[in-house]
Amino acid sequence: MNYPEYRPRRLRANASIRAMMCETRLSASDFIYPLFVKPGKGLRDEVSSMPGVYQVSLDKLEAEITELVELGILAVILFGLPENKDALGSEAYDDHGIVQEAIRTIKASHPDFYVITDVCLCEYTDHGHCGIVDENGAVLNDQTLELLAKEAVSHARAGADMVAPSDMMDGRVAALRTALDDTGFESVPIMAYSAKYASGYYGPFREAADSTPAFGDRRAYQMDPANGDEALREVALDIGEGCDVVIVKPALAYMDIIRRVKDEFGYPVVAYNVSGEYAMVKAAAAQGWIDEQRVVMETMTGFKRAGAQLIISYHAKDVARWLRG
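The letter at position 193 of the sequence shown is residue 216 when you use our numbering, and the numbering goes up by one with no holes.
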């Protein structure tokens, strides 16, 4: 195909032909909206580093879900801010914990709305790490698995449609799958944070979920941003242990990983468009330096083009509105 016989611009000449030739399309149903729930009443507190994102109390949940339904967004992923924290993160697997009650609240008003729960301990521990910590500050892998399994079962018992372990402990998918199957929840799927990097993009989330580590960092269990082959090994492990969907997190700097995972495994892949990615766009747009809608839509299209079937994003509501024109 050589010029002048082939002229690519012929198929870019106007909006109609560009729409007809579009290879990658976005829909509101492509998105999962992250939602932070907290104790109290009448609360809808904006996260200062994430304009437009709120921590909400249980009595505000029905309105939040109604808005998402009206926008055509089909699912949320829940994060909980507990009443109290302790060394073992015990409110994470309390049957009356904040996430468990949030699931019940959502299902009471919107029984068919799809509820995914983040399964981790970092929001619930007084040290802010994702597992049990020994006297030397090391996170204990195998001892943590039992608590994560209890948390997943507790979420399923409350009515969660899907559980999403984000801790990055070795063997967590197998532990959750076994526990769910043994308690009659074999139909509850697992969406694993399979390639989760130790990233600088998570900063605003620490405020939103009140989960900043009290000491050290998470590099001993989250992945090195320099590694790509390791991501494929992690995904292979999780699939082998029984996960149904895999997440690549963050998304913006890891679209090559999304593509490699999709090509290698053919499994449903979720791009997690994280808090720092969201905050950067919001900050630049507030200064008038970028066209927010154009940049967000371009980024989301990039995630889909890279191979993501779904996108977890704080931009989800805005994208859904823009898609409606």
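Think of the CB as a built atom: it goes at the ideal place given N, C-alpha and C, for glycine as much as any other residue.
- Judged by DSSP in its simplified three-state form, Asn159 adopts coil rather than helix or strand.
- Beta-bridge annotation (DSSP): Tyr295 is paired with Ile335.
- Boundaries of the beta strand (DSSP E) around Arg67: 67 to 69.
- In the displayed model, Ile270 falls within a strand according to three-state DSSP.
- Here Ile40 is exposed: its Cβ has fewer than 16 other Cβ atoms, across all protein chains shown, within 10 Å.
- DSSP, read as helix, strand or coil, puts Pro188 in strand.
- Here DSSP, grouped into helix, strand and coil, assigns Pro57 to strand.
- Counting only residues of its own chain and dropping the five nearest sequence neighbours on each side, Gln245 has a CB closer than 8 Å to the CB of Met191, Lys219, Tyr220, Ala221, Ser222.
- Cβ atoms of Val60 and Val138 stay farther apart than 8 Å, at about 11 Å.
- Within the DSSP secondary-structure output, Gly103 pairs in a beta bridge with Val60.
- As computed with DSSP, Thr148 is found in a beta bridge with Asp109.
- Cβ contact annotation for Gly95 (same chain, cutoff 7 Å, sequence separation greater than five): Ala51, Ser52, Ala343, in chain order.
- Taking every protein chain shown into account, the CB of Gly120 has 16 or more other CB atoms within 10 angstroms, so this residue is buried.
- Here the C-alpha atom of Gln332 lies approximately 42 Å from the C-alpha atom of Glu158.
- One Cα belongs to Phe136, the other to Gly251, and the distance between them is close to 35 Å.
- Remark: three or more beta-carbon pairs, one from each stretch, lie closer than 8 Å, so the segment 287 to 305 and the segment 264 to 274 are flagged as touching.
- From the listed residues Glu253, Gly265, Gly330, Pro227, the smallest Cα separation to Val70 is found for Pro227.
- Within the same chain, Ile126, Val138, Thr140 come within 6 Å of Ala183 by CB-CB distance, once the 5 residues on both sides are set aside.
- Here the segment 334 to 341 lies against the segment 312 to 324, with 3 or more beta-carbon pairs under 8 Å apart.
- With a 10 Å radius around the Cβ and a threshold of 16 neighbouring Cβ atoms, Asp261 comes out buried.
- Around Arg241, the same chain offers Ala221 as residues with beta carbons nearer than 6 Å, after the five sequence neighbours per side are excluded.
- Counting of Cβ neighbours within 10 angstroms places Gly154 among the buried residues, the total reaching 16 or more.
- For Gln78, no alpha helix (DSSP H) segment is defined; the enclosing uninterrupted segment is the beta strand (DSSP E) at 77 to 80.
- For Ile213, there is no enclosing beta strand (DSSP E), as DSSP marks it with neither H nor E.
- Between Leu171 and Arg200, the gap from beta carbon to beta carbon reaches 7 Å or more.
- Ile280 and Ala308 have their C-alpha atoms some 28 Å from each other.
- Secondary structure note for Asp165: its alpha helix (DSSP H) is the uninterrupted segment 164 to 181.
- When DSSP reads this structure, Ala98 sits in a beta bridge with Ile55, Tyr137.
- DSSP, reduced to helix, strand and coil, places Met73 outside both helices and strands of the structure shown, so it counts as coil.
- Between Pro134 and Ile100, the C-beta spacing is not below 7 Å.
- Taking a C-beta distance under 7 Å as the contact criterion, Ala329 and Cys266 do not qualify as a contact pair.
- Contact annotation: Ala202 and Val176 have beta-carbon atoms nearer than 7 Å.
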